[in-house]
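Visitor: Our numbering puts the first residue of the sequence shown at 1, with every later residue one more than the last.
Glycine included, each C-beta is placed from N, C-alpha and C at the ideal position.
Have a look at this one.
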Amino acid sequence: MNDKTLKWLIGIAGALCLFLFIAIRIQGMFNGILKEDVVEGYWDKTKYGEMYYFSMIKHFREDGLPPAQEKFELSSQQASVSESEILTFGDSFFEFSRLKQFPQRLSEDYQRKIHNVNEDFPLKYLAKNDYQDTTPKLVIYERTERYIPISFESEHAINHSGMSEVDLKRNPLAEIKDIIFYDNSDELFSVILKRSYLTTGLYSAIATLKFNLFGYISSLTPKYHLNRNQSWLFYHDQVNEEKTSFYYNHSDEELNRICDHMADLAEKLKSEYNMYLVYLPMPAKYTLYHGVINNDQYSGFLPDLYMGLENRGVKFVNIYDDFRSHQDTLYYRTDSHWNQTGLDLAYSKTIEYILSDPELKCFLKPRP
1 MNDKTLKWLI
11 GIAGALCLFL
21 FIAIRIQGMF
31 NGILKEDVVE
41 GYWDKTKYGE
51 MYYFSMIKHF
61 REDGLPPAQE
71 KFELSSQQAS
81 VSESEILTFG
91 DSFFEFSRLK
101 QFPQRLSEDY
111 QRKIHNVNED
121 FPLKYLAKND
131 YQDTTPKLVI
141 YERTERYIPI
151 SFESEHAINH
161 SGMSEVDLKR
171 NPLAEIKDII
181 FYDNSDELFS
191 VILKRSYLTT
201 GLYSAIATLK
211 FNLFGYISSL
221 TPKYHLNRNQ
231 SWLFYHDQVN
241 EEKTSFYYNH
251 SDEELNRICD
261 HMADLAEKLK
271 SEYNMYLVYL
281 PMPAKYTLYH
291 GVINNDQYSG
301 FLPDLYMGLE
311 NRGVKFVNIY
321 DDFRSHQDTL
331 YYRTDSHWNQ
341 TGLDLAYSKT
351 IEYILSDPEL
361 KCFLKPRP
């Protein structure tokens, strides 16, 4: 290779690196090179199942998924926390925008002002927003089962501590570091590699070849079922030995502590804010569908949790039994979330529970 060719190659490589350095900082440039745009706040704006993108193995593409819609909490339908009549605290199930979201349906079906937020700690959220109203309100708190042991490992506190004056002072060197080492840059470069016009086909082909030859797949989806038209992927935190797992056997002490903290939160919301709390514990996908790959025994976390909450007089919606016995598949095979049938079932069971409770049914009473 002569010097002129080498200089050209170095120049092209340098220009490409500079372009990528800038592109991850400018949304328009970033999306301009992607086959599927990345939109801030829309983690579910992808063509195939969410978990397909961890490895890009073509066997696990789930075709025909609905496109992402406008998220309720980013729309004009979202009420402020102070003017809301019902608050919904949920994880990604309530934020899942491939379908009309749970809080949006609640808002439209019952003409209620709804405030939805992806938040583990309602008390801190209310304090952070300086919420002081004591008008009776309904709170629906959805959590997928694998997050419950984490969200309720400790007692929920009422007080919110803001940033201190020291925290607010930024070191000039830290500002420069943030510009050079852009936040989340590794993930953004990975997105470019996996989803750009130039590289996505090659990346997927190599990933598929590695899987075919060596069984290599991302550690984020270690459990899977391979079938030409019905392949499944399961997320790592449902199949490991941590507290989030299908296999983890919670001790009586751990279960009592979780239930005590859930009961304590319900009591604090009622005494401090006059809010009535209803829990919606969601079964994880592996809990329902691990049978496609094994006959492993479930630890029984949700039934045990239900019993503990019932013994403490805590309001909750039991959807595990209905989900487990339902003949249709209720979750997407290569995504962590419910499909339309699953959402419909969870929504109808929640409404049924609220309307059957003398203390709660007033929140969904038809308008005069």
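What did DSSP end up calling Thr-135 once you bin it into helix, strand or coil?
Guide: Correct three-state label for Thr-135: coil.
Visitor: Rounded to whole angstroms, what is the Cα-Cα separation between Pro-66 and Thr-46?
Guide: Using only the alpha carbons, I get a separation of about 10 Å.
Visitor: Rank Thr-5, Ser-196, Glu-70, Thr-287 by C-alpha distance to the C-alpha of Gly-32 and give the top, closest one.
Guide: Comparing Cα-Cα distances from Gly-32 to each of Thr-5, Ser-196, Glu-70, Thr-287, the minimum goes to Ser-196.
Visitor: Are the CB atoms of Tyr-48 and Glu-62 within a distance shorter than 8 Å?
Guide: Their beta carbons are under 8 Å apart, which means Glu-62 touches Tyr-48 by this criterion.
Visitor: Which one or two residues does DSSP pair with Phe-189 in a beta bridge?
Guide: Phe-189 is not bridged to any residue.
Visitor: In terms of residue numbering, what span does the alpha helix (DSSP H) encompassing Leu-87 cover?
Guide: Element bounds for Leu-87: not the alpha helix (DSSP H) but the beta strand (DSSP E), 86 to 89.
Visitor: For Leu-355, which residues from the same chain have a beta carbon less than 8 Å from its beta carbon, with the 5 sequence-adjacent residues on both sides left out?
Guide: Excluding residues within five positions, the ones whose Cβ falls inside 8 Å are Lys-361, Leu-364.
Visitor: Please give me, in chain order, every unbroken run of the alpha helix (DSSP H) with length at least 4 that falls completely inside the stretch 256 to 323.
Guide: Counting only runs of 4 or more, we get 285 to 289, 301 to 311.
Visitor: Inspect the beta-carbon positions of Leu-233 and Thr-221 and report whether they are closer than 8 Å.
Guide: Cβ atoms of Leu-233 and Thr-221: closer than 8 Å.
Visitor: DSSP three-state call for Thr-221: helix, strand or coil?
Guide: Correct three-state label for Thr-221: coil.
Visitor: Could you tell me the alpha carbon to alpha carbon distance between Leu-106 and Phe-21, rounded to whole angstroms?
Guide: Each residue's alpha carbon lies about 43 Å from the other.
Visitor: Could you check what DSSP says for Ser-196 in three-state terms: helix, strand or coil?
Guide: Ser-196: strand per DSSP, three-state reduction.
Visitor: Tell me the rounded alpha-carbon separation between Ile-150 and His-156.
Guide: Each residue's Cα considered, the two are about 12 Å apart.
Visitor: Here's a check: name, in chain order, each residue in its chain whose Cβ is nearer than 8 Å to the Cβ of Lys-270, leaving out the five neighbours to either side.
Guide: Here the set comprises Tyr-276, Leu-277.
Visitor: One question on the structure: do Lys-268 and Ile-158 come within less than 8 Å of each other, judged by their Cβ atoms?
Guide: The answer is yes: Cβ separation under 8 Å.
Visitor: Where do the ends of the beta strand (DSSP E) carrying Trp-232 lie?
Guide: It spans 232 to 234 - the beta strand (DSSP E) in which Trp-232 sits, taken as one unbroken run.
Visitor: What first and last residue would you give for the alpha helix (DSSP H) that runs through Asn-31?
Guide: Run containing Asn-31: 27 to 32, per the alpha helix (DSSP H) assignment.
Visitor: Please state the DSSP three-state secondary structure of Tyr-331.
Guide: Here Tyr-331 sits in strand by DSSP.
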